[in-house]
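These notes concern the structure reproduced below.
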Amino acid sequence: MSFVTPTSSPLRPWPRPPAALPAERLDEPPAGARITVAGLVILRQRPGTAKGVIFLTLEDETGVINVVVWRALYERFRRAVIAGRLLRVTGRLQRENAVVHVVAEEIEDISPMLDRLLEPEDRLPRVVETG
Numbered sequence: 026m027s028f029v030t031p032t033s034s035p036l037r038p039w040p041r042p043p044a045a046l047p048a049e050r051l052d053e054p055p056a057g058a059r060i061t062v063a064g065l066v067i068l069r070q071r072p073g074t075a076k077g078v079i080f081l082t083l084e085d086e087t088g089v090i091n092v093v094v095w096r097a098l099y100e101r102f103r104r105a106v107i108a109g110r111l112l113r114v115t116g117r118l119q120r121e122n123a124v125v126h127v128v129a130e131e132i133e134d135i136s137p138m139l140d141r142l143l144e145p146e147d148r149l150p151r152v153v154e155t156g
């Protein structure tokens, strides 16, 4: 059983959004499954040859996540795509050979969660295993 208790541990918990699938588990859902992922934006690409498609690379505590943002969706979520530092993306899982992408359907800027990393240590939760 796990529960959360305050601690003064020097390790700060990663700001895990609820219901976000970690990068290390992207091999579990079938292709075409609708999933939600979240991570720090480490790369934004908009190649001239991609006809307006934007490629994002997110990173969570377990690995990287490739996200494809089609032009129409980009216009709808433009602010989050351009300025977001921490994003939650819901979309369809796509597999081509050994490459896994999430084709975005919804994008949410959850950058304010990063502020939790600046909270005083005595206010941070810690997961404690009990028997």
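In terms of the numbering used here, the sequence shown opens at residue 26 and continues consecutively. All C-beta atoms in this analysis are idealised placements derived from N, C-alpha and C, irrespective of residue type, glycine included.
The beta carbon of Ala44 sits closer than 7 Å to those of Thr61, all from its chain and outside the five residues before and after it, given in chain order. As for any beta strand (DSSP E) of minimum length 3 sitting wholly inside the region 44-96, the runs are 59-70, 79-85, 88-94, ordered along the chain. Residue nearest to Gly88 within the set Tyr99, Ala123, Leu51, Leu111 is Leu51 (criterion: CA-CA distance). In the three-state reduction of the DSSP assignment, Ile107 falls in the helix class.
Straight across, the Cα-Cα distance linking Leu81 with Met138 is about 19 Å. Listed as beta-bridge partners of Asp134 by DSSP are Leu112. Residue pairing by DSSP places Arg117 opposite Arg59, Val128 in a beta bridge. Between Val128 and Arg117, the C-beta gap is smaller than 7 Å, which places the two residues in contact. Under the 10 Å beta carbon count, Ala105 is surrounded by 16 or more other beta carbons and is classified as buried. Comparing C-alpha distances from Glu121 to each of Val93, Ala75, Ile79 shows the shortest one belongs to Val93.
The residue among Glu53, Glu49, Leu65, Ala58 with its C-alpha nearest the C-alpha of Leu112 is Leu65.
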